[in-house]
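Student: One structure is given below, represented as structure tokens, and several questions about it will come after.
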Amino acid sequence: MEGEAVDTALWARTKGMRRMRAALQASLLFPALASFCRLTVRDRELLRELDGPAVFVANHVSALDAVVMAEALPPRYRQRSVVVAAADSIFKRKWEARLAQVTVDAFPIPRGGGARAHLEYLKDLLRKKWSVIIFPEGRLTVTGAIGTFRKGGAILAMDAGVPIVPAYVDGMYEVMPRFRRVPRPGRVSVTFGAPLVAQTHEDYDTFIARVESSVRTLAGPKGIEVEPAGGARSEGPNYWY
């Protein structure tokens with residue numbers, strides 16, 4: 000396969016590590032988040048109809064989105080989910096990478112191409128009853144608006160035969176936007192939509208477009224504005240696929 004070898008970090012998914020992660024989340028991570036962020040989860044009951052793994056898709060507004068999404072999920076998904084993270088961001092610093100792996104089971108994927116082997120590994124995890132949390136804009140918003148979704152989430156869901164669950168994260172842009180290091184106290188909500196299954200006539204592009212539309216609908220009036228396209232050098236033709 001193309002690209003670099005995949006660091007599967009199997010240690011991050013052992014039973015012992017999962018137990019330790021759950022304890023850290025309950026005793027430290029989530030209470031720390033609650034000290035400045037009052038989280039409300041809406042329509043989580045829609046997830047009751049799920050009887051297997053899923054790809055959870057959300058807009059990306061803050062470096063803490065993964066923590067917010069982890070707390071919003073029911074325990075049965077929280078404890079068997081990996082979070083897709085940019086290999087050229089937090090995984091550039093070893094201590095930060097380990098912290099993300101220990102606390103939310105972050106999994107690095109290249110943003111500029113060469114991610115095919117990583118996608119194949121994530122599909123394999125889905126087939127083994129693990130779920131995936133992905134932010135398909137591939138970068139943090141600059142303006143607070145929702146950006147165009149790339150098709151990586153659709154590739155994972157369609158190829159592994161699992162649904163996509165759309166979610167909208169609101170309020171984190173005010174609490175801790177891009178480049179801010181100290182959070183402001185605020186109210187945050189995560190709103191889940193009904194699970195979506197690819198239709199027989201849909202390809203990756205049309206399915207992810209429907210998922211994006213669902214997230215924008217969950218956002219209400221805030222879903223109308225579109226984030227301008229990014230100009231980072233990493234955003235090549237295969238950027239997040």
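In numbering that gives the first Met the number 0, the protein residues as written are 0 to 240. Yeah, the Cβ is synthetic: ideal placement off N, Cα and C, and Gly gets one too.
(1) Can you list, in chain order, the stretches of the alpha helix (DSSP H) that have 4 or more residues and sit fully within the segment 160–188?
(2) Go ahead and pull the three-state DSSP assignment for Leu45.
(3) Residues in its own chain within less than 6 Å of Leu217 by CB, not counting five upstream and five downstream?
(4) Below 6 Å CB to CB, which residues in the same chain sit around Arg77 once its five sequence neighbours on both sides are set aside?
(5) Please return the same chain residues whose Cβ sits closer than 6 Å to the Cβ of Glu136, not counting the five positions on each side in sequence.
(6) Report yes if the CB atom of Arg41 is closer than 8 Å to the CB atom of Ser213, and no otherwise.
(7) Does DSSP put Ser233 in a helix, in a strand, or in coil?
(8) Short of 7 Å in beta carbon distance, which residues of its chain neighbour Leu118, apart from the five on each side in sequence? Order them along the chain.
(9) Among Asp158, Arg79 and Met175, whose alpha-carbon lies nearest the alpha-carbon of Lys14?
(10) Closest to Gly185 by C-alpha separation, out of Glu173, Arg179, Ser88 and Val196, would be which residue?
(11) To the nearest angstrom, how far is the alpha carbon of Arg177 from that of Asp104?
(12) In whole angstroms, what is the alpha-carbon distance linking Pro162 and Val131?
(13) In chain order, which alpha helix (DSSP H) runs of at least 4 residues are fully inside the segment 56–81?
(14) So the candidates are Arg183, Ala144, Pro109 and Pro182; which of them puts its Cα closest to the Cα of Lys221?
(15) Taking a contact to mean a Cβ-Cβ separation below 8 Å, would you say Gly51 touches Lys127 in this structure?
Tutor: With the given structure in hand:
(1) 171–174
(2) Translated into positions along the sequence shown, residue 45 becomes position 46. Leu45: helix per DSSP, three-state reduction.
(3) In the sequence shown, counting from the first residue as 1, residue 217 sits at position 218. Tyr167, Thr190 and Gly192, listed in sequence order.
(4) Indexing the sequence shown from 1 puts residue 77 at position 78. Once the five neighbours on either side are set aside, the close Cβ partners of Arg77 are Ala69.
(5) Within the sequence shown, residue 136 is the residue found at index 137, counting from 1. Within the same chain, Glu136 has close Cβ partners His59 and Gly146.
(6) Here the question's residue 41 lines up with position 42 in the sequence shown. Here the question's residue 213 lines up with position 214 in the sequence shown. Going by C-beta atoms, Arg41 is not nearer than 8 Å to Ser213.
(7) By one-based count along the sequence shown, residue 233 stands at place 234. In this predicted model, Ser233 has a pLDDT of only 49, less than 50, meaning its place in the structure is not dependable; the value taken from the coordinates is given anyway. Three-state DSSP puts Ser233 in coil, outside helix and strand.
(8) Within the sequence shown, the letter at position 119 stands for residue 118. Correct list, in chain order: Gly151, Ile154, Leu155 and Tyr240.
(9) For this step, residue 14 is matched to residue 15 along the sequence shown. Answer by Cα proximity: Arg79.
(10) Here residue 185 is taken as the residue at index 186 of the sequence shown, counted from 1. Closest by alpha carbon: Glu173.
(11) Along the sequence shown, one-based indexing puts residue 177 at 178. Along the sequence shown, one-based indexing puts residue 104 at 105. One C-alpha to the other measures close to 22 Å.
(12) Residue mapping note: residue 162 aligns to position 163 of the sequence shown, counting from 1. Residue mapping note: residue 131 aligns to position 132 of the sequence shown, counting from 1. Between Pro162 and Val131, the C-alpha separation is close to 11 Å.
(13) 64–71 and 74–77
(14) Indexing the sequence shown from 1 puts residue 221 at position 222. Cα-wise, what sits closest to Lys221 is Ala144.
(15) For this step, residue 51 is matched to residue 52 along the sequence shown. For this step, residue 127 is matched to residue 128 along the sequence shown. In this structure, Lys127 does not lie closer than 8 Å to Gly51 by Cβ.
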